[in-house]
Every structure is written in C-alpha cells, then in structure tokens.
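Asks:
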Ligand code: NAP
C-alpha cells in the first residue's frame, strides 16, 4: 500500500511519501536504542513536564491537527477536534499518575525487605490504525514514555501527515531526540523490526490478520505484544429500557467516526416486545443524519477512509441480504458525489446463525436482531468470535447483574455507550485481542515487573 494522503471525500491524491529504505530504518533504530540508554534515567518529574507540554501543544493547535486528520481519513471535523482534546487529556492523566502507578510496592515476606519495582523495557514498536489517527497513538505513547520506554511508530499508510505531526509534537514538547520517532514504512517491514534486538515489545491496533501476523513475528523472538483488534459489539435493549435515550445513543454509537470504530455498536439485539418501536425510532434517526463534507461543522456522517473499505462493506451488506436479511434503509454506496460515501443502513432479519452475522461491519451499517428474552439476548451477544465492548440497556437490577456477569467482553456499559476513558482499562478478549491500554493496567503492559528480595 502506497504511503499517501488521499482525501476520502474527493478521491484526490494530495501528497505521496517515499517509504524509508533499510539504511534509514537502521539509523532510526540506532537512535532509538541510544535514546533509551539516557532516557531511562530521566525522572518522572522531567517526563511529566514534557508530557504536559505535549498536552499544551495539542490544545493550542487542535484546529490544525483536526484538519489533517479529517483530510486524511474523513472523520467529521468536530469529532477530530474532540479527538485531539482527548489526547491532551491522556497526556495529563499519565503525567500526573505515572509516578504513583510505577512506585515500588513493598510485599511482606521472609526477607528483611522485599518489593516489586517497575522498570522500562526499552524500544517499543507501535503499529497503529488510521481510524483514530491521533488517539490510538497517544494512548500508547503517554504511558509508554512515562514509564521510561522509547516509542517507534509505524502508522497506517493512509495517515502519514498525522504520523509526522505526532513525532513533531513530542519533539517540540522537549522529549530528548529519538525518544519518539515515526517510521514511514509499509506493513512488510514490521516482521524485520520485530526481529531487531533493539525492539523489545510491540503493540498493534488493527485488523485480526495484522494482529496475528505481528504476534507470529513477535512469538518467534519471544517478545511481548498487546493486540487491540476488531469487534462486533452488541447493543442490547431490553423491555424496561429507556427507549428514547437508547435510540439516540444507538445512533451515535453506530455512526461514530463514520461507523469505523472498533467499539462501535454493530449488532442491535432488541427484545421482541419493544422491537417494532425501536426499529421505527432508529430508522427515523438514521434518515435524519446529515451525510456530507466532513470539513463542515454540521456533518454527521462523512466518507469511509478508503475505496477498499467501501467495497468490502457493500459486499458484506449484499451477503447479508443473500442470507435472508432485509434492508430497511440504505444498503448502497452513494454514487452521486465523489468520495467513499455509504448510505446509513439498517439490515434486519439476518439469520442469527449465518456466517455473515459473525462478521465485523466497519461502516455505517446497523444489524438488527430480535430476541424473546434476556437469555436469548446474552446467548446471541456471545455468539461471535469477538469480545471487545458491550452496551446493554435495562432498568431492572437483576437483569443488569446478569448482563455484567455473563457477557463475554473486555467491557460492559450499562445504559451508556461503550467508550474509552484514560481512567479505565481498555481492551478485548477472544479474537478482539489481549492486553490492556489506559489506566494503571495500561502502563503496566510494557514494564519489567522486577521482584527484589533482600535478606
Ligand atoms: P489494518 O489493515 O490491520 O491496519 C492497522 C495497522 O496494521 C496499519 O498500520 C497497517 O499498515 C498495519 N498492518 C497491516 N497488515 C499488517 C501485517 N500483516 N503486519 C504488520 N502490520 C500490518 O487495520 P484496518 O483495517 O486499517 O483497521 C480497522 C481494524 O482495526 C478494525 O478491525 C477495527 O475494529 C480495528 N481497531 C481496533 C481497535 C481496538 O482498540 N481494539 C481500535 C481501532 C481499530 P498499512 O496501513 O501500511 O497496511
């Protein structure tokens, strides 16, 4: 895949970039390795000051950064601005809390003194996706750098200007040279990077094939990985739910980021007793969405990031109808304008055991399923290979407790939309990946948990 900025709203190629050659990659690896030797000795106070400065730059220049994101991957500008603000938030969160998260922990044993010490691992490779081009990188970098690690970013090939802007932010914030570098390279170079002895661990956010391929390369070298992969999250609405709020949230949760979010609600599992009403309200909401230029402040839904994503999504919708699904609205690309636009779509009546019901739809397509009761809702929610985040709606305490206990996912949100928050761990189970980002768990992923025992 070429490294280029191609505006998804117009199809126009705005800028192309040369991939780094092997000599240039080696020089960056050298620099990263050297940077770690002195950076690991810096204090939490110094790192915190640099990260606070990064937060300031993000806030001061959010309008410009947001524009680059929208230009490269098509998310509505207002969402891009919110994304930059959230990056500042995660920087501040770890700037404030890293020292306490990584402080020595005394444990009483037979020793005169025994404790746990957290130490950085070294150079960490981050392979990142285009869908939240700033947020995904900052939620890795803020804890990793605060822990004393050094970061190497291999960003998605369609967001090179975002990748370069992020490197620039860390440099301007005062981090020593080489502590955070962007590598403009294709995916083919990732396995070689994993084999380099200076790279100690890696994190990847993206598709299952990419995650599996990184895990194979890392496994051969016995190196740790964190994987944040796909999902087909359930949005369960039971009879007692506040339907009006549920429908408004359902629409936001499906359309966020033009439908291209790992934790978007993708399968709407609704109790039969309220299903007709839910379906009608959801349809009204979908019909009221303003589809258009993502640079315009009132746009709800912009284009998909690439023509390939548009094509894949359309094929999935066709497969869903071939297996018995009915299209309630949409179900086709929008062809009367340039760019990768897909109509907001609702598909009902897909057989619950069909192969297509197991897949992740990465775009503005809601799959609607009807179930007789909570048992069937939980069964269907769990009947997929993924387990990222689930949203469930009920006002009944017993139902709530069952949903929390029985849903197989990295998170369960009751009467709210699944979202990431620096204070809470984020990640999946099953084929959605392993490991956690954010919170105290996130900063503990890339450290040596060293046991110290003194007689
Ligand atoms: P993708 O193709 O897997 O790309 C993600 C990153 O992996 C890119 O940097 C890509 O580089 C790289 N990559 C691709 N193939 C690779 C390989 N064989 N070895 C090493 N690196 C490789 O993902 P996508 O389709 O753009 O992103 C959408 C997916 O990401 C969805 O499934 C979504 O659910 C998931 N996602 C998950 C989370 C989460 O937190 N769980 C968050 C966001 C997105 P190139 O661009 O150069 O190919």
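Numbering (my numbering), first residue to last: 601 to 1055. C-beta: ideal position from N, C-alpha, C; glycine also. Note that the structure is a prediction, hence the values are computed from the model and not measured.
Looking at residue 730 and residue 836, is the spacing between their C-beta atoms short of 8 Å?
Replies: Within the chain shown, numbered from 1, the residue matching residue 836 stands at position 236. Within the chain shown, numbered from 1, the residue matching residue 730 stands at position 130. It is not a contact, given that the beta carbons lie outside the stated cut-off.
Asks: Under three-state DSSP, which class holds residue 694?
Replies: Numbered from its first residue, the chain shown carries residue 694 at position 94. Residue 694 falls in the helix class under three-state DSSP.
Asks: Looking at residue 886: is its Cβ nearer than 8 Å to the Cβ of residue 933?
Replies: If you number the chain shown from 1, residue 886 lands on position 286. If you number the chain shown from 1, residue 933 lands on position 333. Cβ atoms of residue 886 and residue 933: not closer than 8 Å.
Asks: Determine the closest residue to residue 824 out of 693, 861, 804 and 808, with distance taken between C-alpha atoms.
Replies: The residue labelled residue 824 in the question sits at position 224 within the chain shown. Among 693, 861, 804 and 808, the Cα nearest to that of residue 824 is on 804.
Asks: Could I get the ranges of all uninterrupted beta strand (DSSP E) runs contained in the stretch 687-735, with 3 residues as the minimum, in chain order?
Replies: As far as the stretch 687-735 is concerned, its whole beta strand (DSSP E) runs of at least 3 residues are 713-720 and 723-727.
Asks: Just mark residue 623 as buried or exposed, buried being the case when its beta carbon has 16 or more other beta carbons within 10 Å.
Replies: As a first step, residue 623 is located in the chain shown; it is residue number 23 there, counting from the start. Label assigned to residue 623: exposed.
Asks: Can you tell me whether residue 900 is buried or exposed, with buried defined as 16 or more other CB within 10 angstroms of its CB?
Replies: Position 300 of the chain shown holds residue 900. Per the 10 Å Cβ criterion, buried.
Asks: Over what stretch of residues does the alpha helix (DSSP H) that includes residue 878 continue unbroken?
Replies: Here residue 878 refers to the residue found at position 278 when the chain shown is read from its first residue. 872-887 is the span of the alpha helix (DSSP H), which, as asked, contains residue 878.
Asks: Pull up the DSSP beta-bridge partners for residue 867, would you.
Replies: Indexing the chain shown from 1 puts residue 867 at position 267. Residue 867 is bridged to 834 and 967.
Asks: Report yes if the CB atom of residue 751 is closer than 8 Å to the CB atom of residue 1033, and no otherwise.
Replies: As a position in the chain shown, residue 751 is number 151, starting the count at 1. As a position in the chain shown, residue 1033 is number 433, starting the count at 1. The answer is no: Cβ separation not under 8 Å.
Asks: Give me the Cα-Cα distance between residue 784 and residue 957, rounded to the nearest whole angstrom.
Replies: Counted from its first residue, the chain shown places residue 784 at position 184. Counted from its first residue, the chain shown places residue 957 at position 357. Whole-angstrom Cα-Cα distance: 36 Å.
Asks: I'd like to confirm the pairing. Which residues does DSSP put opposite residue 783 in its beta bridges?
Replies: On the chain shown, residue 783 is found 183 positions in, with the first residue counted as 1. Answer is none; residue 783 lacks a bridge partner.
Asks: Locate the beta strand (DSSP E) running through residue 617, then write down its first and last residues.
Replies: As a first step, residue 617 must be located in the chain shown, where it is residue number 17. Taken as a continuous stretch (DSSP letters only), the beta strand (DSSP E) holding residue 617 covers 613-617.
Asks: I believe residue 1035 touches residue 826 by the beta-carbon criterion, under 8 Å. Please report the beta-carbon distance rounded to the nearest angstrom.
Replies: Taking the chain shown and counting its residues from 1, the one referred to as residue 1035 is at position 435. Taking the chain shown and counting its residues from 1, the one referred to as residue 826 is at position 226. Going by Cβ atoms, the distance from residue 1035 to residue 826 rounds to 3 Å, so yes, they are a contact pair.
Asks: Look up residue 639 in the DSSP assignment and say whether it is helix, strand or coil.
Replies: If you number the chain shown from 1, residue 639 lands on position 39. If DSSP states are grouped into helix, strand and coil, residue 639 belongs with the helices.
Asks: Looking at residue 724: is its Cβ nearer than 8 Å to the Cβ of residue 801?
Replies: Along the chain shown, one-based indexing puts residue 724 at 124. Along the chain shown, one-based indexing puts residue 801 at 201. Yes, Cβ-Cβ distance for residue 724 and residue 801 is below 8 Å.
Asks: Residue range of the beta strand (DSSP E) that residue 1013 falls in?
Replies: As a first step, residue 1013 is located in the chain shown; it is residue number 413 there, counting from the start. Run containing residue 1013: 1011-1014, per the beta strand (DSSP E) assignment.
Asks: Assuming residue 987 and residue 1028 are in contact, meaning their beta carbons sit under 8 Å apart, how far apart are those beta carbons, in whole angstroms?
Replies: For this step, residue 987 is matched to residue 387 along the chain shown. For this step, residue 1028 is matched to residue 428 along the chain shown. Going by Cβ atoms, the distance from residue 987 to residue 1028 rounds to 5 Å, so yes, they are a contact pair.
Asks: Report the residue ranges of all beta strand (DSSP E) runs contained in full by the stretch 888-935; include only those spanning at least 3 residues, in chain order.
Replies: If we require 3 residues or more, the beta strand (DSSP E) runs fully inside the stretch 888-935 come out as 926-929.
Asks: Mind reading off the beta-carbon distance from residue 734 to residue 690? Whole number of angstroms is fine, and I expect it under 8 Å.
Replies: Within the chain shown, numbered from 1, the residue matching residue 734 stands at position 134. Within the chain shown, numbered from 1, the residue matching residue 690 stands at position 90. Rounded, the Cβ-Cβ distance is 10 Å, inconsistent with contact.
Asks: With a threshold of 7 Å, establish whether the CB of residue 1033 neighbours any heavy atom of the ligand NAP.
Replies: Position 433 of the chain shown, counted from the first residue, corresponds to residue 1033. Flag set: Cβ of residue 1033 near the ligand NAP.
Asks: CB-CB under 6 Å to residue 1026, same chain, minus the five flanking residues each way: which ones, in chain order?
Replies: For the purposes of this step, residue 1026 is taken as residue 426 along the chain shown, with counting starting at 1. Cβ within range, chain order: 1020, 1037 and 1038.
Asks: Tell me which same chain residues have a C-beta within less than 6 Å of the C-beta of residue 881, skipping the five on either side of it?
Replies: Taking the chain shown and counting its residues from 1, the one referred to as residue 881 is at position 281. Excluding residues within five positions, the ones whose Cβ falls inside 6 Å are 847.
Asks: The beta strand (DSSP E) that contains residue 827, what's its start and end?
Replies: Taking the chain shown and counting its residues from 1, one reaches residue 827 at position 227. Residue 827 -> beta strand (DSSP E) spans 824-828.
Asks: Which residues in the same chain have their Cβ closer than 6 Å to the Cβ of residue 778, if we skip the five residues on either side of it in sequence?
Replies: Taking the chain shown and counting its residues from 1, the one referred to as residue 778 is at position 178. Excluding sequence neighbours, residue 778 sits near 631, 632 and 635.
Asks: I'd like to know if residue 685 contacts chain B, where contact means its C-beta is closer than 8 Å to some C-beta of that chain.
Replies: Included in the structure is just one protein chain, with no chain B present.
Asks: On the criterion of 16 or more Cβ atoms from any shown chain inside 10 Å, does residue 1048 qualify as buried, or is it exposed?
Replies: Looking up residue 1048 in the chain shown gives position 448. Exposed is the call here.
Asks: Hey, out of 953, 926, 866 and 919, whose CA is closest to residue 1056's CA?
Replies: Residue 1056 falls outside the range modelled here, since the chain spans only 601 to 1055, and no answer is possible.
Asks: Are the stretch 740-758 and the stretch 634-651 in contact at 8 Å, needing three or more beta carbon pairs?
Replies: These segments touch.
Asks: Please return the same chain residues whose Cβ sits closer than 6 Å to the Cβ of residue 793, not counting the five positions on each side in sequence.
Replies: By one-based count along the chain shown, residue 793 stands at place 193. Only 725 and 799 meet the Cβ criterion.
Asks: Measure how close the beta-carbons of residue 939 and residue 609 come, nearest whole angstrom, since I'm counting them as under 8 Å.
Replies: Stepping through the chain shown from its first residue, residue 939 is reached at position 339. Stepping through the chain shown from its first residue, residue 609 is reached at position 9. Right, their Cβ atoms sit about 4 Å apart.
Asks: Is the beta carbon of residue 858 less than 8 Å from the beta carbon of residue 902?
Replies: Counting from 1 along the chain shown, the entry for residue 858 is found at position 258. Counting from 1 along the chain shown, the entry for residue 902 is found at position 302. Closer than 8 Å, so yes.
Asks: Please go through the same chain and pick out, in chain order, the residues whose beta-carbon is closer than 7 Å to the beta-carbon of residue 898, but skip the five residues on each side of it.
Replies: Along the chain shown, read from residue 1 onward, the residue named residue 898 stands at position 298. If we look at residue 898 and ignore the five residues flanking it on each side, its Cβ neighbours are 890.
Asks: Can residue 866 be considered in contact with the ligand NAP, in the sense that its beta carbon sits closer than 7 Å to one or more heavy atoms?
Replies: In the chain shown, residue 866 corresponds to position 266, counting from 1. Every heavy atom of the ligand NAP is 7 Å or more from the Cβ of residue 866, so no.
Asks: Spatial neighbours of residue 1008 within its chain, please: CB distance less than 6 Å, with the 5 preceding and 5 following residues excluded, ordered by chain position.
Replies: Here residue 1008 corresponds to residue number 408 of the chain shown, with the count starting at 1. If we look at residue 1008 and ignore the five residues flanking it on each side, its Cβ neighbours are 982 and 987.
Asks: Below 8 Å between beta carbons: does that hold for residue 728 and residue 756?
Replies: Along the chain shown, one-based indexing puts residue 728 at 128. Along the chain shown, one-based indexing puts residue 756 at 156. Cβ distance < 8 Å, so residue 728 and residue 756 count as in contact.
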